[in-house]
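Engineer: One structure, as structure tokens, below. Some questions next.
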Amino acid sequence: MSMKSVMKPFILSLLMCWTATISFAQDKPNIVIMMTDNQGYGDMGCYGGLRAPTPHMDKLASEGIQFMDFQVDVSCTSSRASFMTGRMPIRSGTSGYAIPGEPGGLHPMEVTIAEILKSEGYATANYGKWHLGDIEERLPHHQGFDEWYGVSNSSFPTDKTFPGYQEDMLPPQAILSAKAGEKAKVVADMTLEKRGLIDSELTEKSVKYIKKHAKKKEPFFLLTTFINPHHPVVPHPDFVGKSKGGAYTDVLMEIDHNVSQIVGAIDDAGIRENTIIIFFSDNGPTRYSPEADHNGDPGPWAGELGSGKVDVVR
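Under mature numbering (1 follows the signal peptide of the UniProt record, and there is no 0), read the sequence shown as residues -25 to -1, 1 to 289, first letter to last.
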């Protein structure tokens, strides 16, 4: 039995559970998933965080289901592979960390949630960080997404704050744009300046996508994978100093604002009642920056990124 024949009934059953309780002209719910990068349990008010106000994320939690026991894997690649395939990362060969330039990441033979939904008539898009391989055939537009805009790997190559950083060895990586059936194109370098702007771009693209497909009255799957609050911690210029607590808490306020823009677009389009909205982080927080205000908060837990302890946003 193929993985596709196993995954398809499972995903369809989830959608049936949703649509069984509602009646719409469009019988398939839209799915909007927002994923942050290395955000800690203690980084949001709804989980007891006090470092920065996060009213929009807190409201989303209060209006829906707030998970208190939501385990993720200990690295970006393995966590994202599990999310995309519904499989333990060791099954897909993604239990390690996809290094830029190596032929690792998610193999094209793996069946992704995007491929399943696309086969059921969904429009699909991913805006943001991928980190499941950076060779052409392993990028999102070859893994079930109609379109993609973002970066293929971690943003460490732009992190001049990281100990031992050498720009001649790790030049800025590229920001790519691609559509299914086409080759990815370089649109810009991921410089430190661009690092502070890209999440705003991802949000803007997500909002436009929601408006466009709501008018078409066709079901869509939108995966927005924010770059924040992954190192280097570079808030958007509009949020620099806004939290009065340092760069990391400025970024938390920026994330909260971006969440409000995406949820607001869903509300403005009048599709909230027929849209599944999910927000989570791929990992727990990093705690290794030499700059104290660049580290996330694990809350009451001992874990951090890569520790193998309680490395979660619950």
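A virtual CB, placed ideally from N, CA and C, is assigned to each residue, including glycine.
Quick caveat: nothing in here was measured; it's all calculated off a predicted structure.
At the level of alpha carbons, what is the spacing between ALA(-1) and PRO194?
Structural biologist: For the purposes of this step, residue -1 is identified with residue 25 of the sequence shown, where counting begins at 1. For the purposes of this step, residue 194 is identified with residue 219 of the sequence shown, where counting begins at 1. Residue placement at ALA(-1) is flagged as unreliable, the pLDDT there being 45, under the threshold of 50; the coordinate-derived value follows with that caveat. The alpha-carbon atoms of ALA(-1) and PRO194 are separated by roughly 11 Å.
Engineer: Just to confirm the assignment, what range does the alpha helix (DSSP H) spanning THR60 have?
Structural biologist: To locate residue 60, count along the sequence shown from 1; it is residue 85. Element bounds for THR60: 51 to 60.
Engineer: In whole angstroms, what is the alpha-carbon distance linking TRP276 and GLY259?
Structural biologist: As a working note, residue 276 is residue 301 in the sequence shown. As a working note, residue 259 is residue 284 in the sequence shown. Whole-angstrom Cα-Cα distance: 10 Å.
Engineer: Suppose the cutoff is 6 Å on Cβ atoms and the five residues either side in sequence are ignored; what does the same chain contact list for PRO115 look like?
Structural biologist: Against the sequence shown, residue 115 aligns to sequence position 140. Correct list, in chain order: ASN101, TRP105, TRP123.
Engineer: Go ahead and label GLY119 buried or exposed: buried means 16 or more other beta carbons lie within 10 angstroms of its beta carbon, across all protein chains shown.
Structural biologist: Counted from its first residue, the sequence shown places residue 119 at position 144. It is buried - the Cβ of GLY119 has at least 16 other Cβ atoms within 10 Å.
Engineer: Grab me the residues of MET32's own chain with a C-beta within less than 8 Å of its C-beta, minus the 5 sequence neighbours each way, in chain order.
Structural biologist: Stepping through the sequence shown from its first residue, residue 32 is reached at position 57. So the qualifying residues of the chain are MET19, GLY20, CYS21, ILE230, ASP231, VAL234, PHE254.
Engineer: How big is the Cα-Cα spacing for ALA98 and TYR16?
Structural biologist: In the sequence shown, counting from the first residue as 1, residue 98 sits at position 123. In the sequence shown, counting from the first residue as 1, residue 16 sits at position 41. Those two C-alpha atoms are separated by around 32 Å.
Engineer: Please say whether THR178 and ILE246 have beta carbons closer to each other than 9 Å?
Structural biologist: Position 271 of the sequence shown, counting from 1, holds the residue named residue 246. Position 203 of the sequence shown, counting from 1, holds the residue named residue 178. No.
Engineer: Using the C-alpha atoms, what's the distance from LEU227 back to THR29?
Structural biologist: The residue labelled residue 29 in the question sits at position 54 within the sequence shown. The residue labelled residue 227 in the question sits at position 252 within the sequence shown. Rounded to the nearest angstrom, the two C-alpha atoms are 7 Å apart.
Engineer: When DSSP builds the beta bridges, which residues end up paired with ASP164?
Structural biologist: Within the sequence shown, residue 164 is the residue found at index 189, counting from 1. Per DSSP, ALA149.
Engineer: Could you check the C-alpha separation between ASP243 and LYS180 for me, to the nearest Å?
Structural biologist: Taking the sequence shown and counting its residues from 1, the one referred to as residue 243 is at position 268. Taking the sequence shown and counting its residues from 1, the one referred to as residue 180 is at position 205. If I take the Cα positions, the gap works out to 16 Å.
Engineer: Please report the distance separating the alpha-carbon of SER(-3) from that of ALA222.
Structural biologist: The residue given as residue -3 occupies position 23 in the sequence shown. The residue given as residue 222 occupies position 247 in the sequence shown. Confidence in SER(-3) is poor, its pLDDT being 42 and thus under 50, which makes the residue's placement too unreliable to answer from.
Engineer: What would DSSP say about LYS122, mapped onto helix, strand or coil?
Structural biologist: As a working mapping, residue 122 is identified with position 147 in the sequence shown. The residue you asked about is not Lys; residue 122 is Glu in the sequence shown. Three-state DSSP puts GLU122 in a strand.
Engineer: Are there 16 or more other CB atoms within 10 angstroms of the CB of GLU112, so buried, or fewer, so exposed?
Structural biologist: Here residue 112 corresponds to residue number 137 of the sequence shown, with the count starting at 1. Burial call: exposed.
Engineer: For ILE253, which of helix, strand or coil comes out of DSSP?
Structural biologist: Taking the sequence shown and counting its residues from 1, the one referred to as residue 253 is at position 278. Reduced to three states, the DSSP call for ILE253 is strand.
Engineer: Tell me which residues share the same chain as TYR184 and place their Cβ nearer than 7 Å to its Cβ, disregarding the 5 neighbours each side in the sequence.
Structural biologist: As a working note, residue 184 is residue 209 in the sequence shown. Here the set comprises ALA100, LEU197.
Engineer: Taking the alpha carbon of PRO212 as the point to measure from, which residue in SER127, SER57, ASP174 has its own alpha carbon closest?
Structural biologist: Counted from its first residue, the sequence shown places residue 212 at position 237. Among SER127, SER57, ASP174, the Cα nearest to that of PRO212 is on ASP174.
Engineer: Could you pull out every residue in the same chain whose Cβ sits closer than 8 Å to the Cβ of GLU157, ignoring the five residues on either side in sequence?
Structural biologist: Looking up residue 157 in the sequence shown gives position 182. Only HIS116 meet the Cβ criterion.
Engineer: Take LYS217 and list the residues in its own chain whose beta-carbon comes closer than 6 Å to its own, dropping the five residues that flank it on each side.
Structural biologist: Within the sequence shown, numbered from 1, the residue matching residue 217 stands at position 242. The answer, listed in chain order, is ASP225, MET228.
Engineer: Can you give me the C-alpha to C-alpha distance between GLY23 and THR60, rounded to a whole angstrom?
Structural biologist: Within the sequence shown, residue 23 is the residue found at index 48, counting from 1. Within the sequence shown, residue 60 is the residue found at index 85, counting from 1. The straight-line gap from Cα to Cα measures roughly 31 Å.
Engineer: On the CB-based measure, 16 or more other CB atoms within 10 Å of its CB, does PHE42 come out buried or exposed?
Structural biologist: What you label residue 42 is simply residue 67 of the sequence shown in a count that begins at 1. Exposed: under 16 other Cβ atoms inside 10 Å.
Engineer: For a test of the three-state rule: what should DSSP assign to TYR102, helix, strand or coil?
Structural biologist: Numbered from its first residue, the sequence shown carries residue 102 at position 127. Reduced to three states, the DSSP call for TYR102 is strand.
Engineer: Whose C-alpha, out of ILE150, LEU25, THR52, is nearest the C-alpha of GLY80?
Structural biologist: Looking up residue 80 in the sequence shown gives position 105. It is THR52 whose Cα lies nearest to the Cα of GLY80.
Engineer: Taking a contact to mean a Cβ-Cβ separation below 9 Å, would you say SER57 touches VAL47 in this structure?
Structural biologist: Reading the sequence shown from its first residue, position 82 is the one you call residue 57. Reading the sequence shown from its first residue, position 72 is the one you call residue 47. Taking 9 Å as the Cβ cut-off, SER57 and VAL47 qualify as a contacting pair.
Engineer: Does DSSP classify PHE45 as helix, strand or coil?
Structural biologist: Along the sequence shown, one-based indexing puts residue 45 at 70. Three-state DSSP puts PHE45 in coil, outside helix and strand.
Engineer: Could you please give me the residues that DSSP links to VAL7 through a beta bridge?
Structural biologist: For the purposes of this step, residue 7 is taken as the residue at position 32 of the sequence shown. Beta-bridge pairing links VAL7 to LEU197, ILE252.
Engineer: So what does DSSP say about LYS183, is it helix, strand or coil?
Structural biologist: Within the sequence shown, numbered from 1, the residue matching residue 183 stands at position 208. Of the three classes helix, strand and coil, the one that applies to LYS183 here is helix, per DSSP.
Engineer: Rounded to whole angstroms, what is the Cα-Cα separation between MET9 and PHE45?
Structural biologist: Translated into positions along the sequence shown, residue 9 becomes position 34. Translated into positions along the sequence shown, residue 45 becomes position 70. Going by the C-alpha atoms only, they are around 15 Å apart.
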